[in-house]
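Chains as they are written, first to last, in this note's numbering: chain A, 1 to 183; chain B, 184 to 612; chain C, 613 to 926. Yeah, the Cβ is synthetic: ideal placement off N, Cα and C, and Gly gets one too.
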Amino acid sequence: MSPPVPPSAARSRAARLIGRFDRAYMRANAALIVAMMSAMVALVFANVVGRYAFNRSLIWAEELSQYLMVWVTFLGAGLALRYGRHVAMEMLQALLPAALAQALRAGLALVMVGFFLIVAVLGFQLAAFAWPQETPAMNISAGIPYLAVPIGALAFLLHVLLMFGGYVAQRYEVAESLDPGVE
Amino acid sequence: MGLVLGLAFVIGLAVGLPIAVTMGLAGLLALVVDGKLSLLSVPQRFFNGINSFALLAIPFFILAADLMTACGITTSILRFTNTMVGHIRGGLGHVNVMTNMIFAGISGSALADAAGPGAVLMRMMQRAGYERHYAAALSAAAATIGPIIPPSIIMVIYALTDARVTVAGLFMAGIVPGLMLGAALALANHAISLRRGYGAAHPRMPWRERGIAFLQAVPALLMPVMIIGGIVGGVFTVTESAAVAVVYALLIGFLVTRRLTPALVYQAMLQTGLVTSAALLIVATASLFAWLLTLLQVPQTIGAWIGTLTTDPLAVLFLVAVFVLVCGFFLDVLPAVIVLVPVLAPLADQFGIDPLHFAMTIVLNLTIGLITPPVGGVLYIVASVSGLRFERIAAAVLPLVLAELFVLTLIILFPQLSTAVPAWFGYTR
Amino acid sequence: AQEKVLKYAHFQPARDDQPKHRAALAFKEHVERATNGQVKVQIFPAGQFGKDQETMEGLRLGTLEMAVAHDGAIATVHKPIGVLGIPFLFNDHAHAWRVYDSKWGADFAEDMRKKTGIRMLALADNGIRHFTNNARPIRSPDDMKGLKIRIQPSPVFKALVESLGASASAIPWAELPTALQGRVVDGQENSVTNILAASLFQYQKHITLNGHVYSVHAYLINDRFFAGLTPDQQRAVLDGAKIARDIHRKMTSDQDLAAKKILSEKGMQVTEIDAATVAAFRKLAQPPVVAWANQEIGKDYVDALLAAVKQGGS
Ligand code: NA
Ligand code: NA
């Protein structure tokens, strides 16, 4: 039997584990977005080349790239929140005393959790409802593309929970600059 | 239902809930209160509001511009414009405007332009002794040229919500107004520089230097030529042209400027994905909002109401312009397009206004809204990049807003300014 | 009694020259009058309610009470409608209408009602589809070889176009004018009504009145809503649908029959083909599409339609 772990150490170990999970989650989410973006570009470009070079086009490419964009939107929404990409009118918060503003932001985070929870449930119901239908070009179940909404909502929800403190304090991830700058 | 929709929207916005969430939540609550329609309409509208091939142009144009930025393109454009107009009074201000005009042919987003070339030029102007708030204000105003000169994300979304116009037609319609906007800002900058005594950046450059700078900027200058030429020449559709632009940027970055690395491409794709996600999430949730307005028969009601006020097309256009301008104070541009266009666009048919002309007035109007307080996306970006106070920049931008409103007035008065170029290329109904 | 609202969606512009809209107005007028305003009809034209799949799902969910939808939209919830995409089925409009209004039509509607909860009240015309292109007049199937033809993203039309030796490109309707103008593709296939609606004659020089497919618009209503109406109200809706259907059929077929005049006035070169050439087209195009439909939709559906076509032709 191992000796009992003091509560503070247990908490910090849990925090470390959560932190590690968080990093892995963000990396996986990012990689998925990049993979889908690359596929979208490749599919649409391939159809242009196909039309001129081989006189034919992939009839399903358009539908697939369109669905991928919808998936990018919903799967990227939570990660976008981490980078502070969602526009909001924060004037009222700026006018409030710091403590009140933070309480307000905590409330907003909870509202988002509740909202995306409901959207996830409704989204799964919609996917089930549409499951017997088929998409026009790929002839896959129409429920599959619809899953973007509930799965994206759950992904968002998890991001809000993981960055709760950061959202309240308006601490966001910072994107690396792409511009090499003016020398 | 309508009351809940409106109240939830206003409260959500005021307390600082992200706009995308606010509109979705307002729609959800309205449906719950109404109780007659299936709640499955919520995810269904979210999905179908953005399930469109035309919208793919948005991530592609953003990505192409990001990749070009990573290639160091801002620098090459800046050097070129500096050799061309840097010697005029208020030189760096003119460089700012001209750089944004060229960048507008690559980028489809005013926010990106303000964060990219806008930020660079603002700092240059500030270092050169321009009043700090004026430098920020000019960068903000110049960034609004971005969505008017094609490509343009706002136009892609406008065409999505109004079947009377095509993206290609709108792109062509924006060319003249975009150039006019640039001219108006240059004139305003000139007048302000005269009064405040801002000088030239340097003496006039010899043509040899200009030629060299031009050659270095050629990869950047070719991009808009390729996009517009490809579309009007019918080599590809608008969405395809955006994908081709991405591949072009990759080729330039890896083979010509050799600045791109796989890591940079990864970063660019990720950042583009997130910006796209944030923009399209608003489109998705706003389309639930707009759909509910349609079910409430709001568009029909407003159309009938305006019909009781006047039947003169010009009067209708000015009425609409004032209405949109006021909405533009408080609404972000994407939700404004999604919510307002289905309400307003039928007026074009009703009063015999060319749909392209009508569209151009709304697009320009909402774009100006990006630099009017209290909700002005471009002002926010410039404020956060510069660290200056939002209200001070908003005050400094006022004369430039007036210059842009003057252009809007001309666009309303003379339909040909928007319709001649599209007609020339055959984009008429 | 409480007033009932019937939301009615269709995809055409709210203009008086559009068959779907004119029919919708007639339906509204009849139903509101016959029910003394107990059933109020709200028309949502021009796809305001939503796109194809969304509209059909709205009908299933009961979010939308009624819609007039084309075969492509219906296929998103009820694939067997695709049998009407089998090319060169009908001799003329009267033939097609006899088949739509026959026991086949009633059986098809009942099957759809059971599977989707959507009741099909009537079938009308979305116009006879023809090939247009910018390369050459098509006088025989041979002339189709090597052409790039735009289709809607549908495997039926892909099978049809490829059976004639042309290549198929799926391009969205909204991008079609631009694509044709820029010669992204050589041609497309559509009815006169659609060619006029999108001014495709501006970009296409040749049209051959080959009439490969009689495309349909179906009058659809949510079955739960229908069942919840009083018998008198149901009668009003059924009669209203008949009135609408007849207006719709007349306006569309008038345009179909005047295709040559209308389109030559718009500057297109119109090619007419004789029965023997139509037969040659049929021989090439029908078997692959029938084979596709047998496999993807089911032989029962195909055989039932072909039998009705044979009977209706006599
Ligand atoms: Na632009
Ligand atoms: Na504003």
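> By DSSP, does residue 780 of chain C sit in helix, in strand, or in coil?
Replying inline: In the third sequence, residue 780 of chain C corresponds to position 168, counting from 1. It is a strand residue.
> Are the C-beta atoms of residue 17 of chain A and some chain C residue less than 9 Å apart?
Replying inline: Taking the first residue of the first sequence as position 1, residue 17 of chain A is located at position 17. Residue 17 of chain A has a beta carbon lying at 9 Å or more from every beta carbon in chain C.
> For the segment 660 to 674 of chain C, which residues have a beta carbon sitting closer than 9 Å to at least one beta carbon of chain B?
Replying inline: Residues passing the 9 Å Cβ filter: 660, 661, 662, 663, 665, 666, 669, 670, 673, 674.
> In chain B, which residues lie less than 8 Å from residue 180 of chain A when you measure between Cβ atoms?
Replying inline: Here residue 180 of chain A corresponds to residue number 180 of the first sequence, with the count starting at 1. Residues of chain B whose Cβ lies closer than 8 Å to the Cβ of residue 180 of chain A are, in chain order, 253, 255, 258, 442.
> So the alpha helix (DSSP H) residue 687 of chain C belongs to, where does it begin and stop?
Replying inline: Stepping through the third sequence from its first residue, residue 687 of chain C is reached at position 75. Looking at the DSSP string, the run of the alpha helix (DSSP H) that includes residue 687 of chain C is 683 to 687.
> So, helix, strand or coil for residue 264 of chain B, using DSSP?
Replying inline: Here residue 264 of chain B corresponds to residue number 81 of the second sequence, with the count starting at 1. Three-state DSSP puts residue 264 of chain B in a helix.
> Among residues of its own chain, excluding the 5 on either side of residue 402 of chain B, which ones have a beta-carbon nearer than 6 Å to its beta-carbon?
Replying inline: For the purposes of this step, residue 402 of chain B is taken as the residue at position 219 of the second sequence. For residue 402 of chain B, where only same-chain residues beyond five positions count, the Cβ hits under 6 Å are 435, 439.
>> I'd like to check one pair, residue 280 of chain B with residue 328 of chain B: are the Cβ atoms closer than 9 Å?
In response: In the second sequence, residue 328 of chain B corresponds to position 145, counting from 1. In the second sequence, residue 280 of chain B corresponds to position 97, counting from 1. For residue 328 of chain B and residue 280 of chain B, yes; Cβs fall inside 9 Å.
>> Just checking: is the beta-carbon of residue 199 of chain B within a distance shorter than 9 Å of some beta-carbon in chain A?
In response: Translated into the one-based positions of the second sequence, residue 199 of chain B becomes position 16. Chain A contact via Cβ: present.
>> Suppose you measure from the CA of residue 258 of chain B to the CA of residue 245 of chain B; what does that come to, to the nearest Å?
In response: Residue 258 of chain B sits at position 75 when you count from the first residue of the second sequence. Residue 245 of chain B sits at position 62 when you count from the first residue of the second sequence. The straight-line gap from Cα to Cα measures roughly 18 Å.
> Based on Cα-Cα distance, which residue from C/791, C/650, C/660 lies nearest to residue 844 of chain C?
Replying inline: Counted from its first residue, the third sequence places residue 844 of chain C at position 232. Here the closest residue by C-alpha is C/650.
>> Taking the straight line between their C-alpha atoms, what separation do you get for residue 418 of chain B and residue 409 of chain B?
In response: If you number the second sequence from 1, residue 418 of chain B lands on position 235. If you number the second sequence from 1, residue 409 of chain B lands on position 226. For residue 418 of chain B and residue 409 of chain B, the distance between alpha carbons rounds to 10 Å.
> Do the CB positions of residue 366 of chain B and residue 582 of chain B come within less than 9 Å of each other?
Replying inline: Against the second sequence, residue 366 of chain B aligns to sequence position 183. Against the second sequence, residue 582 of chain B aligns to sequence position 399. For residue 366 of chain B and residue 582 of chain B, no; Cβs fall outside 9 Å.
> Cβ of residue 645 of chain C less than 9 Å from any chain B Cβ?
Replying inline: Numbered from its first residue, the third sequence carries residue 645 of chain C at position 33. Chain B has no Cβ within less than 9 Å of the Cβ of residue 645 of chain C.
>> Below 7 Å on C-beta distance, what does residue 560 of chain B contact in chain C?
In response: Here residue 560 of chain B refers to the residue found at position 377 when the second sequence is read from its first residue. The premise fails here: residue 560 of chain B is roughly 27 Å from chain C at the closest Cβ pair, so nothing lies under 7 Å.
>> Quick check: the Cα distance between residue 1 of chain A and residue 7 of chain A, rounded to an integer number of angstroms?
In response: The residue you call residue 1 of chain A lines up with position 1 of the first sequence. The residue you call residue 7 of chain A lines up with position 7 of the first sequence. Low confidence applies to residue 1 of chain A: its pLDDT is 48, below 50, so where it sits in the model is not reliable enough to give any reading.
> If you draw a straight line from the C-alpha of residue 116 of chain A to the C-alpha of residue 323 of chain B, how long is it?
Replying inline: Residue mapping note: residue 116 of chain A aligns to position 116 of the first sequence, counting from 1. Residue mapping note: residue 323 of chain B aligns to position 140 of the second sequence, counting from 1. Taking the straight line joining both Cα atoms gives about 34 Å.
> What residue does the alpha helix (DSSP H) around residue 824 of chain C start on, and which one ends it?
Replying inline: Counting from 1 along the third sequence, the entry for residue 824 of chain C is found at position 212. Unbroken run through residue 824 of chain C is the beta strand (DSSP E), 818 to 834; no alpha helix (DSSP H).
> Applying the criterion that 16 or more other CB atoms from any shown protein chain within 10 Å of the CB defines a buried residue, is residue 407 of chain B buried or exposed?
Replying inline: In the second sequence, counting from the first residue as 1, residue 407 of chain B sits at position 224. Buried, since its Cβ has 16 or more Cβ neighbours within 10 Å.
>> Any heavy atom of ligand 1 closer than 8 Å to the beta-carbon of residue 644 of chain B?
In response: Outside the shown range of chain B (184 to 612) lies residue 644 of chain B, about which nothing can therefore be said.
>> Going by DSSP, what residue range makes up the alpha helix (DSSP H) through residue 355 of chain B?
In response: Mapped onto the second sequence, residue 355 of chain B falls at position 172. First-last of the alpha helix (DSSP H) with residue 355 of chain B: 350 to 379.
> Taking 9 Å as the CB-CB limit, is residue 794 of chain C close to chain B?
Replying inline: Along the third sequence, one-based indexing puts residue 794 of chain C at 182. The beta carbon of residue 794 of chain C sits closer than 9 Å to some beta carbon of chain B.
>> Please state whether the Cβ-Cβ distance between residue 130 of chain A and residue 141 of chain A is less than 9 Å.
In response: Working through the first sequence from its first residue, we reach residue 130 of chain A at position 130. Working through the first sequence from its first residue, we reach residue 141 of chain A at position 141. Less than 9 Å divides the Cβ of residue 130 of chain A from the Cβ of residue 141 of chain A.
> Can at least three beta-carbon pairs, one atom from the segment 307 to 326 of chain B and one from the segment 562 to 582 of chain B, be found at a separation below 8 Å?
Replying inline: In short, these stretches touch, since the Cβ pair count reaches three.
>> How far does the beta strand (DSSP E) with residue 731 of chain C in it extend, from its first residue to its last?
In response: The residue given as residue 731 of chain C occupies position 119 in the third sequence. Following the DSSP letters along the chain, one finds residue 731 of chain C inside the beta strand (DSSP E) bounded by residues 730 to 745.
> Can you give, in chain order, each stretch of the alpha helix (DSSP H) that sits fully within the segment 432 to 516 of chain B and has at least 4 residues?
Replying inline: Counting whole runs of 4 or more residues, the segment 432 to 516 of chain B contains the alpha helix (DSSP H) stretches 445 to 478, 481 to 492, 496 to 513.
> Counting Cβ pairs closer than 8 Å, one from the segment 460 to 477 of chain B and one from the segment 54 to 68 of chain A, do we hit at least three?
Replying inline: Judged by Cβ distances under 8 Å, the segment 460 to 477 of chain B makes no contact with the segment 54 to 68 of chain A, as fewer than three pairs qualify.
>> Closer than 8 Å to a non-hydrogen atom of ligand 1 - does that hold for the CB of residue 329 of chain B?
In response: The sequence position of residue 329 of chain B within the second sequence is 146, counting from 1. Within the cutoff, so yes.
> If you count every other CB in all the chains shown that lies within 10 Å of the CB of residue 183 of chain A, and 16 or more means buried, which is it?
Replying inline: Reading the first sequence from its first residue, position 183 is the one you call residue 183 of chain A. Caution is warranted here: a pLDDT of 39 is assigned to residue 183 of chain A, below 50, making its placement in the model unreliable, and the coordinate value is therefore given only provisionally. Classification of residue 183 of chain A: exposed, given that the 10 Å Cβ count is below 16.
> Between the segment 591 to 607 of chain B and the segment 540 to 547 of chain B, do three or more beta carbon pairs fall short of 8 Å?
Replying inline: Touching, per the Cβ criterion.
>> Residues of chain A with CB closer than 8 Å to the CB of residue 684 of chain C, please, in chain order.
In response: In the third sequence, residue 684 of chain C corresponds to position 72, counting from 1. Chain A residues near residue 684 of chain C: 136.
> If we ignore side chains and look at the alpha-carbon of each, how far apart do residue 868 of chain C and residue 669 of chain C end up?
Replying inline: The count along the third sequence starts at 1 and reaches residue 868 of chain C at position 256. The count along the third sequence starts at 1 and reaches residue 669 of chain C at position 57. Those two C-alpha atoms are separated by around 31 Å.
>> Can you tell me whether residue 754 of chain C is buried or exposed? The criterion is at least 16 other CB atoms within 10 Å of its CB, across all chains shown.
In response: Residue 754 of chain C sits at position 142 when you count from the first residue of the third sequence. Residue 754 of chain C should be labelled exposed.
> Comparing the C-beta of residue 45 of chain A with each C-beta of chain B, is any distance below 9 Å?
Replying inline: Here residue 45 of chain A refers to the residue found at position 45 when the first sequence is read from its first residue. Taking Cβ atoms only, chain B reaches closer than 9 Å to residue 45 of chain A, which makes this a yes.
> Can a CB atom of chain B be found closer than 9 Å to the CB of residue 691 of chain C?
Replying inline: Residue numbering aside, residue 691 of chain C sits at position 79 when the third sequence is read from its first letter. No, its Cβ sits nowhere closer than 9 Å to a Cβ of chain B.
> Do residue 536 of chain B and ligand 1 come close, with the Cβ less than 8 Å from some heavy atom?
Replying inline: Translated into positions along the second sequence, residue 536 of chain B becomes position 353. For residue 536 of chain B, the Cβ stays outside the 8 Å cut-off from all heavy atoms of ligand 1.
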